[in-house]
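Numbering (the numbering used here), first residue to last: 2 to 528.
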Amino acid sequence: MTLEQEIAKRRTFGIISHPDAGKTTLTEKLLLFGGAIQKAGAVKSSKIKDHARSDWMEIEKQRGISVATSVMGFNYHDIKINLLDTPGHQDFAEDTYRTLTAVDSVIMVVDCVKGVEMQTEKLMEVCRMRNTPVLCFINKLDREGQDPFDLLDEIEAKLKIKVHPLSWPISMGKTFKGVYSLYEKSLKLFTPSKTKIEEAIEILDINSPELDQYIGESYAIKLREDVELLNGVYPELDVHDYLSGKVAPVFFGSAVNNFGVKELLDTFIRLAPPPLVRETTTREVKPDEKKFTGFIFKIHANMDPKHRNRIAFLRVCSGKFERGSNYLHVRNDKSIRFSNATAFMAQDRETVDEAWPGDIVGLFDTGNLKIGDTLTEGEKMIYTGIPSFSPEIFKEVINKDAMKTKQLEKGLLQLMEEGVAQMFTYELGKKKVVGTVGALQFEVIQFRLLNEYGATVEFAPQHIYKACWISSTDEKKLAEFIASKQRHIALDKDGKLVFMAESKAWLQMVQDNFPEIKFHFTSEFKD
Ligand code: G4P
Numbered sequence: 002m003t004l005e006q007e008i009a010k011r012r013t014f015g016i017i018s019h020p021d022a023g024k025t026t027l028t029e030k031l032l033l034f035g036g037a038i039q040k041a042g043a044v045k046s047s048k049i050k051d052h053a054r055s056d057w058m059e060i061e062k063q064r065g066i067s068v069a070t071s072v073m074g075f076n077y078h079d080i081k082i083n084l085l086d087t088p089g090h091q092d093f094a095e096d097t098y099r100t101l102t103a104v105d106s107v108i109m110v111v112d113c114v115k116g117v118e119m120q121t122e123k124l125m126e127v128c129r130m131r132n133t134p135v136l137c138f139i140n141k142l143d144r145e146g147q148d149p150f151d152l153l154d155e156i157e158a159k160l161k162i163k164v165h166p167l168s169w170p171i172s173m174g175k176t177f178k179g180v181y182s183l184y185e186k187s188l189k190l191f192t193p194s195k196t197k198i199e200e201a202i203e204i205l206d207i208n209s210p211e212l213d214q215y216i217g218e219s220y221a222i223k224l225r226e227d228v229e230l231l232n233g234v235y236p237e238l239d240v241h242d243y244l245s246g247k248v249a250p251v252f253f254g255s256a257v258n259n260f261g262v263k264e265l266l267d268t269f270i271r272l273a274p275p276p277l278v279r280e281t282t283t284r285e286v287k288p289d290e291k292k293f294t295g296f297i298f299k300i301h302a303n304m305d306p307k308h309r310n311r312i313a314f315l316r317v318c319s320g321k322f323e324r325g326s327n328y329l330h331v332r333n334d335k336s337i338r339f340s341n342a343t344a345f346m347a348q349d350r351e352t353v354d355e356a357w358p359g360d361i362v363g364l365f366d367t368g369n370l371k372i373g374d375t376l377t378e379g380e381k382m383i384y385t386g387i388p389s390f391s392p393e394i395f396k397e398v399i400n401k402d403a404m405k406t407k408q409l410e411k412g413l414l415q416l417m418e419e420g421v422a423q424m425f426t427y428e429l430g431k432k433k434v435v436g437t438v439g440a441l442q443f444e445v446i447q448f449r450l451l452n453e454y455g456a457t458v459e460f461a462p463q464h465i466y467k468a469c470w471i472s473s474t475d476e477k478k479l480a481e482f483i484a485s486k487q488r489h490i491a492l493d494k495d496g497k498l499v500f501m502a503e504s505k506a507w508l509q510m511v512q513d514n515f516p517e518i519k520f521h522f523t524s525e526f527k528d
């Protein structure tokens with residue numbers, strides 16, 4: 002197969018949702034369709050449950066298991082699908098943000114009872130930043146949910162994306178009859194079943210009395226009214242609007258009942274984009290360029306201190322990755338050879354000799370790689386679009402064992418490279434402040450520093466609202482700003498300048514007082 006053919010058959014995506022909306026269930030059904038697993042329940046075991054919140058060791062263990070489910074590759078028809086798992090636990094949201102940098106599209110799951118929830122809003126923001134195409138699956142139609150028109154309005158309002166329903170539910174909950182496909186003009190009747198898949202019934206003319214026979218007169222009347230309204234509001238879907246992230250096609254179904262999932266998957270492989278052109282610091286890279294390039298979006302550490310090796314997840318962006326070849330690690334300007342590379346097929350890991358754009362490869366790493374690193378065949382460029390976001394919780398690292406300072410430094414550096422948290426070093430006094438999205442990471446860091454590096458730390462809470470990366474086109478003004486706010490200036494892991502804002506109101510005031518300074522909430526920005 003040629004490089005172009007390999008690219009055309011690949012779809013790399015992630016599923017996003019608020020915990021409990023049904024992401025794991027949907028994943029499982031998709032894997033069943035792909036023949037990647039044989040029975041239901043196989044994916045569940047790796048799910049990080051919310052009730053485990055207080056027990057982070059359990060969560061870390063689960064994360065360990067979830068290396069296997071981090072990337073689930075499977076074939077469906079002639080398409081090679083790479084599904085990238087994203088942790089549902091909100092304390093690991095940063096992991097999810099980063100994983101989204103490696104996908105070409107996403108499927109968003111919304112619970113029809115709860116509607117759009119907070120975590121989905123945040124994740125959608127990340128998708129919007131990157132214009133990632135989104136397909137929406139409204140789940141749990143077997144429950145009494147919100148009115149479907151209201152749900153669509155809510156998605157548009159809260160997620161700031163236009164929607165375009167491709168299927169439409171006929172009632173919900175106890176009286177849920179099924180869905181009508183608006184583009185295939187066919188009806189699928191609902192029978193609760195975890196395994197059976199109903200055949201679609203073609204109803205080309207919605208006014209045909211056949212419809213009444215299947216769903217009853219009153220539901221048929223309601224469906225006709227709804228469809229008339231929908232046809233008025235939503236003209237034909239323009240695929241480009243989906244591909245540019247402006248419009249999200251919407252499906253309704255029930256993942257646990259395997260209802261509406263096949264339509265979603267069939268539409269997904271038809272509409273979702275193959276690997277796309279990606280930006281670097283110097284130029285755009287097309288996937289069909291002959292030379293291999295890729296970037297690291299995730300690092301998974303081994304929890305066993307005796308085996309300090311890690312797995313770095315590489316997204317192939319162009320050309321062909323070959324095991325055993327020498328590649329340039331651009332940040333260090335060094336050549337690295339990966340004789341040990343893993344592909345992820347469903348829940349198995351297997352050694353891979355070659356990989357194509359869109360594929361994810363697991364590389365064994367002894368501490369050379371960090372998130373955001375680019376590998377090439379020699380060209381000096383770095384993939385962009387893998388930013389850090391401002392953390393939400395900040396704490397100062399207090400070293401409790403001066404004899405282990407070196408170990409602490411090393412441990413902190415490595416944990417930050419893995420992306421466990423972000424560290425900011427103040428210009429004044431070299432105070433080190435760790436920032437995370439969730440409270441859990443502090444326990445993880447404390448435990449791992451002690452167990453893997455022998456360093457003892459405590460954390461002192463800091464009164465910080467946001468870390469803002471700062472820039473200015475006026476060097477003099479920037480220097481003046483830094484001088485006047487010295488106590489609040491720190492450097493991030495890459496040595497970029499950060500302003501540590503104590504409160505929202507104060508940040509606003511500082512922004513008003515220093516109009517020449519730009520404040521950014523992500524580490525990557527254009528001036
Ligand atoms: P998540 O990964 O997004 O957190 O959600 P997950 O798939 O684990 O689903 C959360 C709960 O919602 C599960 O129930 C799951 O069975 C249920 N669920 C998923 N899809 C549907 C659906 O279409 N209809 C209904 N009624 N429920 C659905 P649980 O009780 O938490 O777990 P379990 O005991 O069923 O495994």
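Using N, Cα and C, we set each Cβ at its ideal position, and we do this for glycine too.
Predicted, not measured: the structure shown is a model, and the values here were computed from it.
Applying the criterion that 16 or more other CB atoms from any shown protein chain within 10 Å of the CB defines a buried residue, is Phe-150 buried or exposed? exposed
CB contact flag (Ile-383, Arg-99, <9 Å): no
Can you tell me whether DSSP reads Gly-15 as helix, strand or coil? strand
Nearest neighbour of Val-286, chosen from Pro-358, Thr-176 and Arg-338 [CA to CA]: Pro-358
Under 8 Å from any heavy atom of ligand 1, does the C-beta of Gly-1 make it? Outside the displayed span of the chain (2 to 528) sits residue 1, for which this structure offers no information.
Taking 7 Å as the limit between beta carbons, can you name the residues of its chain near Lys-10, skipping five residues before and five after? Taken in chain order, the residues that qualify are Asp-79, Ile-80 and Lys-81.
Taking only the alpha-carbon atoms, compute the straight-line gap between Asp-495 and Phe-93 and give it to the nearest angstrom. 22 Å
Cα separation between Cys-137 and Val-111? 7 Å
Nearest-angstrom Cβ-Cβ length linking Leu-27 and Ile-16, presumed shorter than 8 Å: 6 Å
Please confirm if the region 201-220 is in contact with the region 171-184, defined as three or more CB-CB distances below 8 Å between the two stretches. yes
Tell me whether the region 441-449 and the region 414-426 touch, counting them as touching only if at least three CB pairs, one residue from each stretch, are closer than 8 Å. yes
Between the C-alpha atoms of Ser-46 and Asp-213, what's the straight-line distance to the nearest angstrom? For Ser-46, the pLDDT reaches just 46, beneath the cut-off of 50, and the residue's location in the model is therefore unreliable, although a value from the coordinates is still provided. Roughly 43 Å between the two C-alpha positions.
Please say whether Gly-74 and Asp-360 have beta carbons closer to each other than 9 Å? Closer than 9 Å, so yes.
Hey, is Val-110 close to ligand 1, as in C-beta under 8 Å from one of its heavy atoms? yes
Is there contact between the region 360-379 and the region 454-473, where contact requires at least three CB pairs shorter than 8 Å? No: the two stretches stay apart, fewer than three of their Cβ pairs being nearer than 8 Å.
Identity of the residues DSSP links to Pro-170 by a beta bridge: Secondary-structure assignment with DSSP links Pro-170 through a beta bridge to Val-180.
Going by the C-beta, is Val-257 closer than 8 Å to any heavy atom of ligand 1? The closest heavy atom of ligand 1 lies less than 8 Å from the beta carbon of Val-257.
Cut-off 8 Å between Cβ atoms - residues of its own chain near Leu-205, not counting five sequence neighbours on either side: Result list for Leu-205: Lys-186, in chain order.
Distance CB(Phe-298)-CB(Ala-103) smaller than 9 Å: Going by C-beta atoms, Phe-298 is nearer than 9 Å to Ala-103.
Val-251, DSSP secondary structure in three states: strand
Backbone secondary structure at Thr-3 - three-state DSSP: coil
Mark Ile-49 as exposed unless 16 or more other C-beta atoms lie within 10 angstroms of its C-beta, in which case mark it buried. Annotation note: pLDDT 43 at Ile-49 (below 50); position unreliable, coordinate value reported separately. Buried, by the Cβ-count rule.
Going by beta carbon distance, what residues of the same chain come within less than 6 Å of Ser-55, once the five residues before and after it are set aside? Per-residue confidence for Ser-55 stands at a pLDDT of 46, beneath the threshold of 50, marking its modelled position as unreliable; no derived number is given.
Alpha carbon to alpha carbon, how far is Phe-390 from Val-438? Give it in angstroms, no decimals. Going by the C-alpha atoms only, they are around 9 Å apart.
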